[in-house]
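Q: Structure in structure tokens, see below.
Pasting the structure below:
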């Protein structure tokens, strides 16, 4: 079995298994935890609606914080969007998903996706450097923070290397490394802060409800 | 408005009170003796009890982006990364990850147990450098409720015998006689009689079946009689069927169990207040200009007694603000050439939703309100909330918080400040002295009374 066969075969399959089981385990574990029910009277009605509103309103930064947090907020927005576009709308990826799922969807032209991916990769590198150089981020960062950024950077980096046929390595090895980096991302996902993909919206909902009970839009 | 306390009397009382407050730590009983193992065990017990699904989901949503630092006045003022709000939850996170996370089986291998030294290091982070103002909650992209989780940390510290001496003293006082700063029933009665004499009408006391119970606080009894007097005068002016209660904790709105992390005291105080309120049979309780007393009773009464309660709880600014908005209270619009700023106390504003009411009052009085850049739910704390105004160890940080807040007030062009919270007012007054500022800081309740239109005597007037 060649490295490429291993990477796109057992490595990716087992990584997917770990990803699915890990995500389900952690999600179900959270769901099964008890939650306190308040007894005091709410100041407002429509709590669920307020919770949903906060789920979406937190995609925008309140103006009062723009000066201090605007830059990192914008970077976060761009790279997350770039990640989704690259993952789901790059032609080769669409073909991959079609082979996997049996159906596909229209892809975006490479002239769009490649710059988007490049910007995302650039931002991830900036965020990694920032995590090392910014006093607050350096102070609060743990292995989880650094490793999660690096593990997210790798599929972008290996993807570009593969697309560009970097001459340092044979194409098949580059492609295998790309698959392996994706496998690593999948395995790392449920055990790391990348799991916030699942918790971020419920977390916003929780505060939205909590504050709206008190008459405050969160 | 009838002057129930002169400026000079207030300044003298303030000087005496400030001297007393500065030394309460020395009066506290010694901290409870415990082994390090007991401290860790008790703190963990509190953490584990406090972590439910909501806390777990929020802890698992943190990506360590550090945005919360940029909302915190203590980080903004010092640029010391240790004051990053999310860092204050590290011990809670460690307990969660090791003991309750669905991934605890793996986390145990990589996450160290908390130690007594960790707890000792945590004291400055969850007391001195956090007023649980919750402004960090508002910037967090995951909307993590850091403020409430710091409160859980305070409970863990208190259980571990590590709460600051000043707050232990306050807790002990409240445990002993239900009030704070020794504002016992004799002192309360003396103050009320004094106010009654100046107002010239009989203040109803312990009147069963009254519509409204007005509470006060030890701080107001000692220092801010204008706030209590203003509320009484306004209720009388409106013809409201109201009463005060002569027994603790019926007149004491402050709950230092809630601020200091002593959950049993918090519950005991709230339960006792609730029992007394229900015995009086009032429909509405007005808590004093004391920020935390609002959430403590408004959102804590039902939790303390384990069932819904059948009375409404409002804070002073909310009650009178609604009366203005509903047309039940008309205030006299006067000329105020000086622009005024409004400080939204965190516990009443961001944690209580009372924003429109105080603004309606100021508008009705004819004030030119200059909003600070951060207002309403984004308001900065005064710097000394959550009882921090009593902590000498937090003096430097309090001044930092004050500077941030006052910077916004100055930038808004305000020449006067109105607050509806005694401890905010206290912190502003101390901050002013230390910074050499001279901006007048007024009570909203006193302002309301100062704008009551002249009217014929109402029932109960002696003169």
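Residue numbers (the numbering used here), protein chains in the order written: chain Y, 107 to 324; chain E, 473 to 935.
Glycine included, C-beta positions come from ideal geometry on N, C-alpha and C.
Computed from a prediction, not measured in an experiment: that's the story for all the values here.
#1: Label residue 718/E either buried or exposed according to how many other C-beta atoms from any shown protein chain fall within 10 Å of its C-beta, with 16 as the threshold for buried.
#2: Within the 7 Å Cβ cut-off, does residue 525/E reach chain Y?
#3: With contact counted as at least three CB pairs below 8 Å, one residue from each stretch, are the region 622-632 of chain E and the region 592-609 of chain E in contact?
#4: Hey, is the region 696-703 of chain E in contact with the region 908-922 of chain E, meaning 3+ C-beta pairs nearer than 8 Å?
#5: Given a cut-off of 7 Å, decide if residue 729/E and residue 743/E are closer than it, judged by their beta-carbon atoms.
#6: If I follow the unbroken alpha helix (DSSP H) through residue 836/E, where does it start and stop?
#7: Which of the three DSSP states, helix, strand or coil, is assigned to residue 924/E?
#8: Would you list the residues sitting across from residue 915/E in a DSSP beta bridge?
#9: Using a beta-carbon distance below 7 Å, is residue 124/Y in contact with chain E?
#10: Expressed to the nearest angstrom, what Euclidean distance is found between the alpha-carbon atoms of residue 752/E and residue 770/E?
#11: Using a Cβ distance threshold of 8 Å, determine whether the region 476-486 of chain E contacts the region 546-563 of chain E, with at least three qualifying pairs required.
#12: Can you give the Cα-Cα distance for residue 755/E and residue 824/E, rounded to whole angstroms?
#13: Note down, in chain order, all residues in the region 832-862 of chain E with a beta-carbon under 7 Å from any beta-carbon belonging to chain Y.
#14: Could you tell me which of 244/Y, 247/Y and 193/Y sits nearest to residue 219/Y, measuring between CA atoms?
#15: If I measure Cβ to Cβ from residue 827/E and keep anything under 8 Å in the same chain, skipping five residues before and after, which residues do I get?
#16: For residue 131/Y and chain E, any beta-carbon pair shorter than 7 Å?
#17: Give the residues from the region 281-297 of chain Y that approach chain E closer than 7 Å (Cβ to any Cβ), ordered along the chain.
#18: Which residues in the same chain as residue 547/E place their Cβ atom closer than 7 Å to its Cβ, once the five residues preceding and following it in sequence are excluded?
#19: Give the secondary structure of residue 272/Y by DSSP, where H, G and I count as helix, E and B as strand, and everything else as coil.
#20: At the level of alpha carbons, what is the spacing between residue 198/Y and residue 632/E?
#21: Please classify residue 521/E as buried or exposed, where buried requires at least 16 other C-beta atoms within 10 Å of its C-beta.
#22: Report the rounded CA-to-CA distance for residue 475/E versus residue 814/E, giving the unit in angstroms.
#23: With 16 as the cutoff for other CB atoms within 10 Å, does residue 726/E come out buried or exposed?
#24: Using CA coordinates, which residue listed in 495/E, 783/E, 886/E and 645/E is at the minimum distance from residue 682/E?
#25: Exposed or buried, which one is residue 154/Y when buried takes at least 16 other CB atoms within 10 Å?
#26: Drop a sphere of 10 angstroms on the beta-carbon of residue 585/E, count the other beta-carbons inside from all chains shown, and report buried for 16 or more, exposed for fewer.
#27: If I measure Cβ to Cβ from residue 670/E and keep anything under 8 Å in the same chain, skipping five residues before and after, which residues do I get?
#28: Using the beta-carbon count (16 or more within 10 Å), is residue 186/Y buried or exposed?
#29: Could you pull the start and end residues of the beta strand (DSSP E) that residue 815/E belongs to?
#30: Select from the region 616-635 of chain E all residues with a C-beta closer than 9 Å to any C-beta belonging to chain Y, and list them in chain order.
#31: I want to verify the contact list: residues of chain E whose CB lies under 8 Å from the CB of residue 145/Y, in sequence order.
#32: What separation, rounded to the nearest whole angstrom, lies between the Cα atoms of residue 500/E and residue 641/E?
#33: Between the alpha carbons of residue 552/E and residue 531/E, how many angstroms are there, rounded?
#34: Compute the beta-carbon to beta-carbon distance between residue 765/E and residue 635/E, rounded to the nearest angstrom, for a pair I have assumed lies under 8 Å.
#35: Going along chain Y, which residues have a C-beta under 9 Å from residue 817/E?
#36: Taking one C-beta from the region 678-698 of chain E and one from the region 603-615 of chain E each time, how about it: are there three or more such pairs within less than 8 Å?
A: Working from what's here:
#1: exposed
#2: Yes, residue 525/E lies at the interface with chain Y (some Cβ there is under 7 Å from its Cβ).
#3: yes
#4: yes
#5: no
#6: 828-837
#7: coil
#8: 891/E
#9: no
#10: 17 Å
#11: no
#12: 20 Å
#13: 845, 846, 849 and 850
#14: 193/Y
#15: 816, 821, 848 and 849
#16: With a threshold of 7 Å between beta carbons, residue 131/Y makes contact with chain E.
#17: Those would be 297, in chain order.
#18: 541, 555 and 556
#19: Under the three-state reduction of DSSP output, residue 272/Y falls in the coil class, being neither helix nor strand.
#20: Using only the alpha carbons, I get a separation of about 58 Å.
#21: Burial is judged here by how many other beta carbons sit within 10 angstroms of a residue's own beta carbon; residue 521/E has fewer than 16 and is exposed.
#22: Rounded to whole angstroms, residue 475/E to residue 814/E spans 22 Å at the Cα level.
#23: buried
#24: 783/E
#25: exposed
#26: exposed
#27: 474, 475, 476 and 701
#28: With a 10 Å radius around the Cβ and a threshold of 16 neighbouring Cβ atoms, residue 186/Y comes out exposed.
#29: 812-815
#30: 616, 617 and 620
#31: 774, 775, 778, 779 and 780
#32: 5 Å
#33: 23 Å
#34: No, residue 765/E and residue 635/E are not in contact; Cβ-Cβ is about 20 Å, not under 8 Å.
#35: Residues of chain Y passing the Cβ test: none, with the nearest at roughly 13 Å.
#36: no
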